[in-house]
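> Okay, here's the structure, questions in a sec.
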């Protein structure tokens with residue numbers, strides 16, 4: 009049973025690989041129906057699958073592929089011209105074949121999955137429609153029996169000829185002696201089987217000519233019989249199929265790529281080990297730096313230096329090498345699109361040409377697996393909404409055939425996949441209108457939206473610009489999926505569009521996920537690592553450049569308005585130190601959104617290995633994992649997608665300091681204004697209180713400078729002005745004023761001196777220490793009230 | 072003389088026999104103090120005991136989760152048992168230790184005030200947890216009685232279970 013499973017696995021892997029190639033070949037075939045080489049290749053795929061499946065007793069699959077083979081065989085011999093209608097049937101049967109293979113993969117049996125009878129009938133119609141002569145039938149029957157031997161050779165009717173060109177393709181150089189023995193025996197067996205089958209066929213042909221479709225079940229039974237002889241066969245067949253495949257692609261039979269299949273788990277393990285090595289290397293470099301500082305000029309340092317640089321160099325090379333083993337060409341994903349475009353253009357009655365370039369660009373296997381779905385959605389969208397109908401295109405003076413471009417290329421540590429179309433483009437006004445209609449955005453939001461932001465609307469869930477929901481798209485799900493998947497890969501989406509000219513969508517995706525470059529940032533005493541893939545740029549701004557729009561902090565970055573969030577608000581960092589006048593903003597981009605993250609300091613760029621936080625701490629919002637730094641400490645890695653989500657709801661404190669400065673909120677009545685009165689004399693305080701009573705301003709009293717400073721620091725009150733006596737015990741008015749001015753947030757707090765000192769020198773000292781007004785005792789109550797009101801913009 | 076020797080040998084054999092038969096019934100525990108109480112966990116669930124090292128705070132967690140620390144290349148959560156048991160936080164002293172415990176799927180470090188000793192208890196001397204504590208939520212496996220003292224045995228699975 010295990011052996012069967014093993015064979016089955018090989019069969020499935022091989023079949024899926026063959027079919028992938030098949031789709032592309034078939035579409036090419038439609039444009040060049042007389043390409044014999046191509047036809048032969050396609051025929052061989054159907055044939056190989058049939059042979060193997062009959063050996064494994066998958067009767068339904070065998071039945072289907074057999075009839076496919078018939079049609080293809082006729083085409084190959086020039087008895088049938090492939091036209092679009094026939095191609096439709098062939099493609100349908102290829103789809104069925106895929107379906108069956110999936111069923112086999114999931115259930116190890118091909119029954120109960122797809123119903124092939126309809127398709128088989130159509131295939132027969134194709135085969136017979138152009139060549140109904142009964143004389144052909146016996147040949148087919150003969151082929152059928154002959155093929156029971158599961159080889160990749162061609163049927164015996166022309167087997168002799170084709171065998172010669174098929175078999176030598178196999179590269180025996182990497183076979184062991186035993187394998188060659190087995191191979192020779194197999195070939196001998198094949199020959200015997202074929203002879204036997206031919207004899208049988210001659211006898212069988214007589215009765216079976218009449219009832220062609222019924223041939224199947226009877227043939228399937230003998231299929232099982234040669235099995236014991238052919239048991240070693242599939243094991244040999246797998247490498248053989250591989251060996252011949254590159255030949256078929258390049259049509260140059262010489263260079264054979266030598267490959268081995270490796271379990272992905274082993275590669276993952278290797279990658280993990282490399283990760284550990286990278287951490288070790290980081291640590292070593294850190295220690296080397298420390299040692300260098302301490303023992304400067306000593307001889308052994310140079311040696312140490314050399315070793316460290318060699319280790320670090322080799323580690324980097326090793327890491328790249330292992331990464332490369334996991335790389336697959338993106339062509340693996342691109343391959344399915346020609347077929348998709350063909351089907352879509354027929355369905356939508358449009359003429360669309362797909363131009364693929366850069367399919368040899370490589371990226372990590374895990375990413376290749378994730379990128380397929382988003383691309384399908386984007387291309388469907390381009391076909392359905394982008395490219396116009398033939399009439400529309402002609403009317404606007406464009407060529408009948410629309411062009412969709414699919415291009416991949418490397419850009420630094422990223423791969424960029426660009427999807428372009430020359431269709432009608434995205435109309436921002438229309439996008440906004442639709443979004444308002446569907447309640448996705450408000451009219452106000454729409455007005456303040458830039459073009460780029462408007463393009464981003466197509467990624468909102470529930471959005472669809474199609475007036476009608478078609479079979480192809482318009483359910484408003486697809487593009488949302490694109491966004492989520494790209495975000496998962498830490499990728500960035502960039503849309504450009506011009507009405508009438510077309511749309512271009514760029515997906516920028518990091519090459520690998522396990523070991524990444526990160527930007528280390530500091531907030532208070534903590535450090536966080538941000539994946540560099542998501543960092544667009546960093547800017548240093550002064551606090552004045554932060555504006556508040558609808559209670560959100562924003563800044564102007566060149567032409568754009570960027571919303572801001574403080575990393576401390578996201579990660580609940582206690583703010584002990586006073587922030588300086590300047591802040592660093594890390595501009596993060598993910599999918600199509602951007603946000604500015606305010607941090608206290610930028611530490612630098614480092615290569616980090618992502619480690620999980622374990623079961624106990626998994627799923628912490630905003631944290632993607634942890635990494636170990638050169639000093640042995642743990643640094644958390646920011647999950648940029650989650651952070652952007654959190655930024656929408658998190659309570660911002662960026663501007664609270666700014667608010668403190670001005671007033672601490674809206675003033676709705678006179679008593680919202682607060683003034684501190686600092687004077688050591690109770691009488692003087694009472695006089696001030698009496699003078700200001702009529703205004704209704706709230707007063708807080710302090711007996712001296714120290715007292716005043718404590719009240720201020722406690723943060724219980726937001727003062728709009730302070731009245732300060734100069735001569736006081738413990739701390740005088742001048743000292744108090746200069747102390748207060750040391751705090752950034754009190755820079756704008758008006759300090760008013762109320763004193764009996766009238767000398768010029770005293771006034772000067774007052775100005776130097778930061779007082780804005782100087783009132784001399786005695787004063788009239790109205791004068792005092794007016795000065796206070798003026799200094800705090802009293803509105804009542 | 073030979074009788075005496077025989078006696079001694081017999082005695083030894085008896086003792087050995089007793090130990091052999093008892094080995095299945097003996098539970099080895101490691102005792103430690105958190106606050107004013109002595110607790111213990113089975114020695115087999117302890118991976119190692121280390122002196123306090125630096126850790127990194129993890130946001131959005133309860134206060135008793137101090138953060139994560141690096142144990143020879145593995146990132147491990149650190150939990151303060153004082154705060155987990157509802158006591159106030161305390162600065163680490165020379166006696167403070169991290170006990171790294173693990174079960175099948177999870178490993179975590181626990182901060183304790185100080186270690187006491189390794190304890191060998193006969194299974195007979197372990198009683199059930201007091202009835203007043205709801206069975207499912209209880210972190211207490213049982214109560215061990217030894218001469219003049221009582222030792223609370225904790226459920227390691229429960230300690231390692233995320234409850235936020």
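Chains as they are written, first to last, in this note's numbering: chain A, 9 to 804; chain B, 72 to 235.
By construction, the Cβ of each residue, glycine as well, lies at the ideal position given by its N, Cα and C atoms.
Since we're looking at a predicted model, the values are computed, not measured.
What are the residues in the segment 121-137 of chain B lying within 9 Å of chain A by C-beta distance?
Here the close residues are 124, 125, 126, 127, 128, 129, 130, 131, 132, 136.
> What in chain A is Cβ-close to residue 144 (chain B), meaning under 8 Å?
Result: 284, 287, 636.
> I'd like to confirm something about residue 454 (chain A): is its beta-carbon nearer than 6 Å to some heavy atom of the ligand ADP, or not?
For the structure depicted, the ligand ADP is absent and the ligand set is empty, with no information on it obtainable.
> Check whether the segment 781-794 of chain A and the segment 681-701 of chain A are in contact - that is, three or more C-beta pairs closer than 8 Å.
The segment 781-794 of chain A vs the segment 681-701 of chain A: in contact.
> Using a Cβ-Cβ cutoff of less than 6 Å, which residues in the same chain neighbour residue 347 (chain A) once the five nearest sequence positions on both sides are dropped?
Result list for residue 347 (chain A): 31, 35, in chain order.
> Does any CB atom of chain B fall closer than 7 Å to the CB of residue 628 (chain A)?
By this cut-off, residue 628 (chain A) is an interface position.
> Can you check DSSP and say which residues form a bridge with residue 279 (chain A)?
Per DSSP, none; premise fails for residue 279 (chain A).
> State buried or exposed for residue 327 (chain A), treating a residue as buried only when at least 16 other CB atoms are found within 10 Å of its CB.
Classification of residue 327 (chain A): buried, given that the 10 Å Cβ count is 16 or more.
> Helix, strand or coil for residue 145 (chain A) per DSSP?
Summary for residue 145 (chain A): the model assigns pLDDT 38, below 50, so the residue's position carries little reliability; its value from the coordinates is reported in the next sentence. Looking at residue 145 (chain A) - three-state DSSP - the assignment turns out to be helix.
> Exposed or buried, which one is residue 157 (chain B) when buried takes at least 16 other CB atoms within 10 Å?
When all chains shown are included, residue 157 (chain B) counts as exposed.
> Can you confirm whether the segment 158-174 of chain B touches the segment 607-621 of chain A when touching is taken to mean that 3 or more C-beta pairs between the two stretches lie within less than 8 Å?
Output reads no: the segment 158-174 of chain B does not touch the segment 607-621 of chain A.
> Mind pulling the chain A residues with CB within less than 8 Å of residue 152 (chain B)?
Chain A residues near residue 152 (chain B): none, gap ~14 Å exceeds 8 Å.
> Could you give the C-beta distance for residue 432 (chain A) and residue 507 (chain A), rounded to a whole number, given that I count them as a contact under 8 Å?
Yes, they are in contact, since the Cβ atoms of residue 432 (chain A) and residue 507 (chain A) sit about 7 Å apart, within 8 Å.
> Using a C-beta to C-beta distance shorter than 8 Å, which residues of chain A count as neighbours of residue 140 (chain B)?
By Cβ distance, chain A contributes 642.
> Under 8 Å: do the segment 644-658 of chain A and the segment 568-581 of chain A share three or more Cβ pairs, one atom per stretch?
Counting Cβ pairs under 8 Å, three or more are found: they touch.
> Please confirm whether residue 173 (chain B) has its beta-carbon closer than 7 Å to some beta-carbon of chain A.
Chain A contact via Cβ: absent.
> Does residue 533 (chain A) come within less than 7 Å of chain B when only Cβ atoms are used?
By this cut-off, residue 533 (chain A) is not an interface position.
> Considering only the beta carbon of each residue, do residue 734 (chain A) and residue 771 (chain A) sit closer than 7 Å?
Going by C-beta atoms, residue 734 (chain A) is not nearer than 7 Å to residue 771 (chain A).
> Which same chain residues, not among the five before or five after residue 737 (chain A), have their C-beta less than 7 Å away from its C-beta?
So the qualifying residues of the chain are 688, 712.
> Going along chain A, which residues have a C-beta under 8 Å from residue 231 (chain B)?
The contacting residues are 624.
> On the three-state DSSP scale, how would you describe residue 314 (chain A)?
In the structure shown, residue 314 (chain A) sits in a helix (DSSP, three-state: H, G or I).
> Determine which residues of the segment 572-601 of chain A have a Cβ less than 8 Å from any Cβ of chain B, and write them out in chain order.
Flagged, chain order: 578, 579, 580, 581.
> Output, in sequence order along the chain, the residues in the segment 159-186 of chain B whose CB is closer than 8 Å to any CB in chain A.
Those would be 176, 177, 178, 179, in chain order.
> Verify the CB distance criterion: does residue 273 (chain A) have a CB-CB separation below 7 Å to chain B?
No, its Cβ sits nowhere closer than 7 Å to a Cβ of chain B.
> Taking Cβ to Cβ, would you say residue 183 (chain B) is nearer than 7 Å to residue 109 (chain B)?
No.
> Which residue from A:85, A:57, A:84 puts its Cα closest to that of residue 72 (chain A)?
Answer by Cα proximity: A:57.
> Is the Cβ of residue 201 (chain B) closer than 7 Å to any Cβ of chain A?
Cβ-Cβ to chain A under 7 Å: no for residue 201 (chain B).
> Name the residue from A:785, A:100, A:277, A:705 whose alpha carbon lies nearest to the alpha carbon of residue 802 (chain A).
Ranking the options by Cα distance to residue 802 (chain A), first place goes to A:705.
> Measuring only between beta-carbons, confirm whether residue 682 (chain A) sits less than 7 Å from chain B.
Not closer than 7 Å to any Cβ of chain B, the Cβ of residue 682 (chain A) fails to qualify, so no.
> I need the boundaries of the alpha helix (DSSP H) containing residue 58 (chain A), first residue and last residue.
Counting along the chain, the alpha helix (DSSP H) containing residue 58 (chain A) begins and ends at 44-63.
> Measuring only the C-alpha atoms, how far is residue 528 (chain A) from residue 133 (chain B)?
Near 25 Å, if we compare the C-alpha coordinates of residue 133 (chain B) and residue 528 (chain A).
> Who are the near neighbours of residue 78 (chain A) in its chain, counting only those whose CB is closer than 8 Å to its CB and skipping five residues on each side?
Around residue 78 (chain A): 131, 132, 135, 148.
> Quick check on this structure: which residue in A:388, A:573, A:617, A:103 has the alpha carbon closest to the alpha carbon of residue 146 (chain B)?
Nearest of A:388, A:573, A:617, A:103 to residue 146 (chain B), Cα basis: A:617.
> Quick check: what's the CA-CA separation for residue 781 (chain A) versus residue 767 (chain A)?
Rounded to whole angstroms, residue 781 (chain A) to residue 767 (chain A) spans 14 Å at the Cα level.
> Going by beta carbon distance, what residues of the same chain come within less than 6 Å of residue 20 (chain A), once the five residues before and after it are set aside?
Answer for residue 20 (chain A): 113, listed in chain order.
> Could you tell me which chain B residues have their CB closer than 7 Å to the CB of residue 379 (chain A), listed as they occur along the chain?
Under the 7 Å cutoff, chain B gives no residues; its nearest Cβ is about 29 Å from residue 379 (chain A).
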